[in-house]
Amino acid sequence: MTYILKGETGDWETVIGLEVHAQVLTKSKLFSGASADFGAAPNSQVSPIDAGMPGMLPVINKECVTKAVLTGLGLNAVINNVSVFERKNYFYPDLPQGYQISQYQHPIVGNGEIEIDLADGTVKVIGIERLHLEQDAGKSLHDQHPQKSYVDLNRSGNPLMEIVSKPDMRSPEEAGAYVTKLRAIVRYLGTCDGNMDEGSMRCDVNVSVRKFGAELGTRCEIKNVNSVRFVQQAIEYEARRQIEVIESGGKIVQETRLFDTKQGTTRSMRSKEDAHDYRYFPDPDLLPLTVANDFIDDIRKTMPELPDAKKHRFIKDFGMSVQDASVLVQEKDRAEYFEKAAEGRDAKLVANWLTTELLGALNKGEKTLRESPVKASQLGALVGLISDNTISGRIAKEVFAEMFVSGKDPGVIVEEKGLKQVTDTGAIEKIVAEVVAENPDKVAEYKGGKDKLFGFFVGSVLKKSGGKANPGIVNDLLKKKLEE
Amino acid sequence: MSIDKNTVTKIARLARIKVTEDEKEVLTKELSSILTMIAELDKVNTDGVEPLTSVVQMQLFEREDVVTDGAIQEKILINAPEQAAGFFVVPKVVE
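Sequences listed follow chains C and W, in order.
Take the first sequence: its position 446, counting from 1, is numbered 714 in the numbering used here, and each next residue is one higher.
Take the second sequence: its position 53, counting from 1, is numbered 190 in the numbering used here, and each next residue is one higher.
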């Protein structure tokens, strides 16, 4: 669906590009042997290299190279055999070197593309401009003291992959779907944990507006937006702001802005005025990084099945809708759970039970799929009981609720509570006869042409059987009986 | 090639180096002459020549992903003019 913002002078289109910083999942830092773990005591994971001590030499972590290449392959991107580390120069207290080692003109990964899945079931391809390796900066705390800032360098030197998209997104929904898909890909690959609330995935959002069909407008960059929801809110606000500025005769200045999560607004970061004058130059401490084709091919062989491939397979093999398949592949755990539960079962039915009942119940209890009291094999068994007519869908919900509490197998619960569906026609015939006998007036009305009453009879029979009568058999027998 | 005083002022600010007006005059001349000399090199035709990154044929050295450093909080903070609770303390940087 086209996202249109109505202004006083007409309809506006929003153009969005994203820069996502994803921390490479490693034990140690990009250029030093200090730990890259999150949450340690301040400055306890800092080597003299990360502290910017003179005379220290950076040595690259092999694992970062492997994982950057693997991620590049996951983004269907070109891997560059030669890439170059450069110094990006700026001053800030949490950057003790005075420069960040990054890649500029020659990144390790070039153009690629990924698919994003939208709510209406459509799929859109978003271009990837590049992926490069760079160091993270330290962390400044501004709220500890009225006149001072506190600096922790534990994050300084952590390995980041900066993944830059093409300006291919046109709505907050598309941007959200892009971040979600990117997160799924790095999680499937195991190259980044994707935890946005711990900061191991962060987004810079580039937003501009234009009249449909016009040239690209001037963009603003919103820094460090740390959840999918905030990305969408920031875009909504920023696009509206830009339209208002332009329509009231103003001009958009290219600048860096901050998103205020409490107010849902963006504001200018004046401190970054000089920020775009980085004076990049090749880092004399580091030779160009070369990755041979053999090395790339070896990594390609270790690639797991990615969300998009899985999605296409689910659609093809199970006749699933794009929406259902997208929901299932969104999380690696979810897809694995589904495949295990669906083994030898009605896959579509399993998908329904997983996405509506189980995920719903887990959400309510704020549990993850890993913590689910209902195991994949048990959910599969439940669906099996429905498929072979042991229980009806209605009874299955009751069984499921019990499973979620006790973790018992569905077969055991059905046995214990005597919930087995009655398929014995004799027993059902008896109930049908009773219901008909108890409602002579309704029977007369039905025979007089009030067809709608049929539902009433079915409901009554099911109720009388404690929900255990097989609805199909009830239908058949009732029809026969009422036509007598 | 020459540069003007405004460029010198800007470079000085970006590098956080304080220079006086007199120094700027001198620096403008000095930097211009350096750049003029470097510009001589631009006359050489380098079409199709790969940039020289090292005078010896060698590859970028890579290390294994193991933790071998860090856990030296005290040493890291020892030169800090001010510290508190394990943090470096600096004048407030306002966003």
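Ideal Cβ placement from N, Cα and C applies to all residues, glycine included.
Predicted model only: the values in this text are computed from it and were never measured.
Taking only beta-carbon positions, decide if residue i is within less than 8 Å of chain W.
i: C/Phe-359; result: yes
i: C/Asn-329; result: yes
i: C/Thr-533; result: no
i: C/Ala-309; result: yes
i: C/Asp-601; result: no
i: C/Tyr-456; result: no
i: C/Pro-375; result: no
i: C/Gly-301; result: yes
i: C/Val-559; result: no
i: C/His-400; result: no
i: C/Gln-689; result: no
i: C/Ala-319; result: yes
i: C/Val-314; result: yes
i: C/Ser-424; result: no
If residue i sits next to residue j, beta carbons under 8 Å apart, how far is it from one beta carbon to the other, in whole angstroms?
i: C/Thr-339; j: C/Val-447; result: Contact flag wrong, Cβ pair sits at about 15 Å.
i: W/Asp-141; j: W/Thr-165; result: 7 Å
i: C/Cys-488; j: C/Glu-523; result: 6 Å
i: C/Asn-422; j: C/Asn-311; result: 6 Å
i: C/Tyr-418; j: W/Phe-224; result: 4 Å
i: C/Met-588; j: C/Ala-619; result: 6 Å
i: C/Gly-661; j: C/Arg-613; result: No, C/Gly-661 and C/Arg-613 are not in contact; Cβ-Cβ is about 14 Å, not under 8 Å.
Does DSSP classify residue i as helix, strand or coil?
i: C/Met-469; result: strand
i: C/Asn-357; result: strand
i: C/Asp-528; result: strand
i: C/Leu-293; result: coil
i: C/Asp-279; result: strand
i: C/Asn-311; result: coil
i: C/Met-321; result: coil
i: C/Lys-632; result: helix
i: C/Cys-488; result: strand
i: C/Ala-482; result: coil
i: C/Met-437; result: strand
i: C/Ala-737; result: strand
i: C/Tyr-605; result: helix
i: C/Met-429; result: strand
i: C/Ala-649; result: helix
i: C/Asn-743; result: helix
i: C/Ser-516; result: coil
i: C/Tyr-456; result: helix
i: C/Phe-549; result: strand
Looking at C-alpha atoms only, which residue of the options is the closest neighbour of residue i?
i: C/Lys-748; options: C/Lys-736, C/Val-711, C/Gly-652 and C/Lys-731; result: C/Val-711
i: C/Tyr-271; options: C/Lys-335, C/Arg-478, C/Val-377 and C/Val-292; result: C/Arg-478
i: C/Ala-701; options: C/Leu-687, C/Pro-678, C/Val-726 and C/Gln-291; result: C/Val-726
i: C/Lys-392; options: C/Glu-287, C/Asp-318 and C/Glu-381; result: C/Glu-381
i: C/Val-346; options: C/Gly-425, C/His-400 and C/Gly-517; result: C/His-400
i: C/Pro-316; options: C/Gly-686, C/Gly-481 and C/Gly-425; result: C/Gly-425
i: C/Lys-297; options: C/Val-333, C/Val-499 and C/Glu-276; result: C/Val-333
i: C/Ser-728; options: C/Tyr-714, C/Glu-713, C/Lys-720 and C/Val-703; result: C/Val-703
i: W/Asp-159; options: W/Val-145, W/Lys-212 and W/Arg-153; result: W/Val-145
i: C/Val-753; options: C/Asp-677, C/Leu-745, C/Ser-733 and C/Asp-472; result: Absent from the model: residue 753 of chain C. The displayed extent of chain C is 269 to 752, so no value can be given.
i: C/Ser-433; options: C/Gly-406, C/Asp-465, C/His-413 and C/Ile-394; result: C/Ile-394
i: C/Leu-428; options: C/Ala-304, C/Ser-674, C/Leu-687 and C/Ser-640; result: C/Ala-304
i: C/Gly-368; options: C/Phe-527, C/Asn-349 and C/Phe-299; result: The sequence given here has Gln at residue 368 of chain C, not Gly. It is C/Phe-299 whose Cα lies nearest to the Cα of C/Gln-368.
Check whether the Cβ of residue i lies closer than 8 Å to any Cβ atom in chain C.
i: W/Ser-191; result: yes
i: W/Glu-201; result: yes
i: W/Asp-159; result: no
i: W/Asp-206; result: yes
i: W/Met-174; result: no
i: W/Ile-213; result: yes
i: W/Val-186; result: no
i: W/Leu-151; result: yes
i: W/Val-163; result: no
i: W/Gln-196; result: yes
i: W/Lys-180; result: no
What are the residues that DSSP puts in a beta bridge with residue i?
i: C/Gly-380; result: C/Ile-396
i: W/Thr-183; result: Partner(s): none; W/Thr-183 has no beta bridge.
i: W/Gln-220; result: W/Phe-225
i: C/Asn-474; result: C/Gly-285 and C/Glu-489
i: C/Leu-273; result: C/Trp-280
i: C/Tyr-367; result: C/Asn-357
i: C/Lys-685; result: BP columns for C/Lys-685 are empty, so no partner.
i: C/Ile-347; result: C/Val-377
i: C/Leu-401; result: C/Met-429
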